[in-house]
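Chemist: If you read the protein sequences in the order shown, they are chains A and B. Every letter in the first sequence is one number past the one before it in my numbering, and letter 56, counting from 1, is 93. Every letter in the second sequence is one number past the one before it in my numbering, and letter 103, counting from 1, is 375. One structure is given below, represented as structure tokens, and several questions about it will come after.
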Amino acid sequence: MKLRDEAAPQQADEKAPWVERETLVEASPDEVWEALTDEDRLEEWLAPDVELDPVEGGEIAVRDGEEERFGRVETVEEAERFAFTWSRPGEGESFVEFTIEGLPGGSRVTVVETPTHSAAAGPSAIAAGSWGPALARLRRSMFLVFA
Amino acid sequence: MRAPVHRQVDSVFGALADPTRRRVVESLARGGTVTASGLAEQLPITRQAVAKHLLALRAADLVTATRVGRETQYKLRPQPLEDAVGWIQMVSAEWDDRLEGLRRSVEKRSGRSR
Numbered sequence: 038m039k040l041r042d043e044a045a046p047q048q049a050d051e052k053a054p055w056v057e058r059e060t061l062v063e064a065s066p067d068e069v070w071e072a073l074t075d076e077d078r079l080e081e082w083l084a085p086d087v088e089l090d091p092v093e094g095g096e097i098a099v100r101d102g103e104e105e106r107f108g109r110v111e112t113v114e115e116a117e118r119f120a121f122t123w124s125r126p127g128e129g130e131s132f133v134e135f136t137i138e139g140l141p142g143g144s145r146v147t148v149v150e151t152p153t154h155s156a157a158a159g160p161s162a163i164a165a166g167s168w169g170p171a172l173a174r175l176r177r178s179m180f181l182v183f184a
Numbered sequence: 273m274r275a276p277v278h279r280q281v282d283s284v285f286g287a288l289a290d291p292t293r294r295r296v297v298e299s300l301a302r303g304g305t306v307t308a309s310g311l312a313e314q315l316p317i318t319r320q321a322v323a324k325h326l327l328a329l330r331a332a333d334l335v336t337a338t339r340v341g342r343e344t345q346y347k348l349r350p351q352p353l354e355d356a357v358g359w360i361q362m363v364s365a366e367w368d369d370r371l372e373g374l375r376r377s378v379e380k381r382s383g384r385s386r
């Protein structure tokens, strides 16, 4: 079985002001949920060493060689939504949110990562989805000026 | 190297989250070097509102201000926006790799349990 969703192509990089990526998985939302919220499962794909207390307010630590990130779990909605903040020591913090959507024959998994200050500056601006294309347009107009 | 870029990206995204501020930036991009009054003429907002947005853009390092006689002239700085775009591309590539790993991990188990 080939699971494809041509109707919802990924946004081009330059149109996403924050990062939004997605993948289609041939498995149920429950199966995806386990891989997102179980420490041992996370170590299969996210990083070799993951510590996670999968409750809201719980801690998350992700270690991959020299690289370490620490954060806190923000949202736990079983088989639907899992969100946390993370940052490398001394760096700005990002908000990471996974959304799982059940499809016939599988699931769509979407991840969003955005620096937390900009999330705080305007979740409504982000939700409105208006400033992705706007950033690309700004970038183009700035190139016209400075090129 | 990465730490300041992340902080800068944070402030650039924060500054550009406001739609009016994006219009100010677009006007600056079109106009090259302009004054606050000049910007206010192009936009449906007061000179005071323009000044406030310019202050926020300067805080994000997106705009430079130069005093010329009795006027202050404003100009865009493209580098922070370029850095923000670079951050987006880097983090996008990281998530593409991780999501591919997630997909494989889930499908491997799902297949085994069938």
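Glycine included, each C-beta is placed from N, C-alpha and C at the ideal position.
Can you give the Cα-Cα distance for residue 123(A) and residue 344(B), rounded to whole angstroms?
Modeler: Residue numbering aside, residue 123(A) sits at position 86 when the first sequence is read from its first letter. Residue numbering aside, residue 344(B) sits at position 72 when the second sequence is read from its first letter. Distance between the alpha carbons of residue 123(A) and residue 344(B) is about 40 Å.
Chemist: Among 84(A), 86(A), 74(A), 151(A), which has the Cα closest to the Cα of residue 357(B)?
Modeler: To locate residue 357(B), count along the second sequence from 1; it is residue 85. It is 151(A) whose Cα lies nearest to the Cα of residue 357(B).
Chemist: Comparing the C-beta of residue 82(A) with each C-beta of chain B, is any distance below 7 Å?
Modeler: Locating residue 82(A) in the first sequence gives position 45, counting from the first residue. Yes, residue 82(A) lies at the interface with chain B (some Cβ there is under 7 Å from its Cβ).
Chemist: Kindly indicate which three-state DSSP category residue 290(B) falls into: helix, strand or coil?
Modeler: As a position in the second sequence, residue 290(B) is number 18, starting the count at 1. DSSP places residue 290(B) in coil when its eight states are reduced to three.
Chemist: Considering only their Cβ atoms, is the gap separating residue 130(A) from residue 379(B) smaller than 7 Å?
Modeler: Your numbering for residue 379(B) matches position 107 in the second sequence. Your numbering for residue 130(A) matches position 93 in the first sequence. Between residue 379(B) and residue 130(A), the CB-CB gap reaches or exceeds 7 Å.
Chemist: Would the region 133–152 of chain A count as touching the region 84–95 of chain A if we require 3 or more Cβ pairs under 8 Å?
Modeler: no
Chemist: At the level of alpha carbons, what is the spacing between residue 307(B) and residue 138(A)?
Modeler: As a first step, residue 307(B) must be located in the second sequence, where it is residue number 35. As a first step, residue 138(A) must be located in the first sequence, where it is residue number 101. Approximately 49 Å between the Cα atoms of the pair.
Chemist: Below 8 Å, how does it come out for the region 331–343 of chain B and the region 283–297 of chain B: are there three or more Cβ pairs, yes or no?
Modeler: yes
Chemist: Around the C-beta of residue 114(A), are 16 or more other C-beta atoms found within 10 angstroms, so that it is buried, or is it exposed?
Modeler: Your numbering for residue 114(A) matches position 77 in the first sequence. It counts as exposed.
Chemist: Give a yes or no on whether the minimum CB-CB distance between residue 322(B) and chain A is below 7 Å.
Modeler: Counted from its first residue, the second sequence places residue 322(B) at position 50. For residue 322(B), the answer is no, since every Cβ of chain A falls outside 7 Å of its Cβ.
Chemist: Which residue wins for smallest C-alpha separation from residue 317(B), given the options 304(B), 295(B), 362(B)?
Modeler: Stepping through the second sequence from its first residue, residue 317(B) is reached at position 45. When each option's Cα is compared against that of residue 317(B), the closest is 295(B).
Chemist: Could you name the residues of chain B that residue 116(A) contacts, counting a contact when the two beta carbons are closer than 8 Å?
Modeler: Within the first sequence, numbered from 1, the residue matching residue 116(A) stands at position 79. What residue 116(A) touches in chain B: nothing, since even the nearest Cβ is about 13 Å away.
Chemist: Helix, strand or coil, according to DSSP, for residue 58(A) in the structure here?
Modeler: Sequence index remark: in the first sequence, residue 58(A) carries index 21 (1-based). Residue 58(A): strand per DSSP, three-state reduction.
Chemist: Under 9 Å, CB to CB, which of the residues in the region 55–71 of chain A have a partner in chain B?
Modeler: 55, 56, 57, 58, 59, 60, 61, 62, 63, 64, 65, 68, 69, 71
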